[in-house]
Amino acid sequence: MISVFRDKPEKWDFAFTVDSAVEPKKVLLQMLQLLWTNEYSRHVDPGVDSPLHVTQGEAESAVMLALTLTSWFTSGAVSIR
Numbered sequence: 000m001i002s003v004f005r006d007k008p009e010k011w012d013f014a015f016t017v018d019s020a021v022e023p024k025k026v027l028l029q030m031l032q033l034l035w036t037n038e039y040s041r042h043v044d045p046g047v048d049s050p051l052h053v054t055q056g057e058a059e060s061a062v063m064l065a066l067t068l069t070s071w072f073t074s075g076a077v078s079i080r
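Position one of the sequence shown corresponds to residue 0 (numbering that gives the first Met the number 0), numbered consecutively onward.
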């Protein structure tokens, strides 16, 4: 999903379209990447030296971010053209 969005952001619509300080689609991509890379307990290569313990705060933050992203995609706030 991340590479599909990153490679062709122009093929996607996002409810947030204008901001003078940030690019909304870039922020969305960063949110997707943040969730993916910080869910190392689920996506880690077993041969890599990564911590497998997730704190309560990390878990709660991941759930909240996942809920936000999921609701945007299911509601149509983010959609493919």
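Note that beta-carbon positions come from the ideal geometry of N, C-alpha and C, so glycine has one too.
Beta-carbon proximity check, residue i vs residue j, cutoff 8 Å
i, j, result
"Leu31", "Ile1", "yes"
"Ile79", "Lys10", "yes"
Residue i, buried or exposed, once every other Cβ within 10 Å from all chains shown has been counted against 16
i, result
"Val3", "exposed"
"Val21", "exposed"
"Val17", "exposed"
Neighbourhood of residue i by C-beta, 8 Å cutoff - its chain only, sequence neighbours within 5 removed
i, result
"Leu34", "Ala61, Leu64, Ala65 and Leu68"
Contact test: residue i Cβ vs the ligand COA heavy atom, cutoff 7 Å
i, result
"Thr73", "The ligand COA is absent from the structure shown, which contains no ligands of any kind."
Test: residue i CB closer than 8 Å to a CB of chain B
i, result
"Val62", "Absent here is chain B; the protein component of the structure consists of one chain."
Residue i: first and last residue of the uninterrupted alpha helix (DSSP H) it sits in
i, result
"Asp12", "No alpha helix (DSSP H) holds Asp12; the beta strand (DSSP E) holding it covers Trp11 to Phe13."
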